[in-house]
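To start, the structure itself, in structure tokens.
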Amino acid sequence: MLKNSLKLNEVVKVQYPKYKRSDIALLTSLRSNARYTLTELSRLTKIPISTVFDKIRNYETTFITKYSPLIDFTKFGFFARANVILKVGKQHLDQARIYLLNHPNVNSLYKINNGFDFQVELVFRHMQELEEFLDLFSRRFAVKQIITFYLIDEIKKESFLTSMNSADMIDLTYHKKIMAKK
9 MLKNSLKLNE VVKVQYPKYK RSDIALLTSL RSNARYTLTE LSRLTKIPIS
59 TVFDKIRNYE TTFITKYSPL IDFTKFGFFA RANVILKVGK QHLDQARIYL
109 LNHPNVNSLY KINNGFDFQV ELVFRHMQEL EEFLDLFSRR FAVKQIITFY
159 LIDEIKKESF LTSMNSADMI DLTYHKKIMA KK
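With positions in the sequence shown counted from 1, the corresponding number in my numbering is that position plus 8.
Laid out in structure tokens, this is it:
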């Protein structure tokens, strides 16, 4: 065993940057409605407009990864949505990833664990098109296992850190258990 290795279940204190309550208030306001004007954000957060502007510019390099509206796909005739979990043969892993990244019906793509490779959110006009896609994909990339969850009704989406209630979870420190290095 290494001299400097940590013991099993040892608690390590990780210090995150300190965030002011005003930063959290501004971020949660943006999460709840990214279309607020600077004036509205200033009024909601009680931060001067010029400071709001500066903070948002700073956030674009630190916190904000993308400005994107959430769209109701059914209004465009796309009624079949599914979350699919895939286990692909190792020899096809990179090709499958590239194919999914570039396919227009893939809304979201995640690398996952627990014996699977990808979680894919698919959007199609009809369930039959979705099933045909999965069948062709399975044959093309030697899919070992596939689990499909059809999305029936959207109950809650993108609501984390949209109010100060969820923002209260942001703590100055975080305690994390880590496994011993062998």
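Every residue gets a Cβ at the ideal spot worked out from N, C-alpha and C, and that includes glycine.
Just so we're clear, the structure is a prediction, and the values are computed from it rather than from any experiment.
- Taking C-alpha positions only, residue 130 is separated from residue 165 by approximately 16 Å.
- Each residue's CA atom was taken as its position, placing residue 109 and residue 117 some 7 Å apart.
- The count of Cβ pairs closer than 8 Å, one atom from the region 149-157 and one from the region 83-98, reaches three, so the stretches are in contact.
- Residue pairing by DSSP places residue 93 opposite 127 and 155 in a beta bridge.
- Residue 138 sits in a helix when the DSSP states are folded into three classes.
- Judged by DSSP in its simplified three-state form, residue 113 adopts coil rather than helix or strand.
- Taking residue 146 as reference, the option from 71, 104 and 65 with the minimal CA-CA separation is 104.
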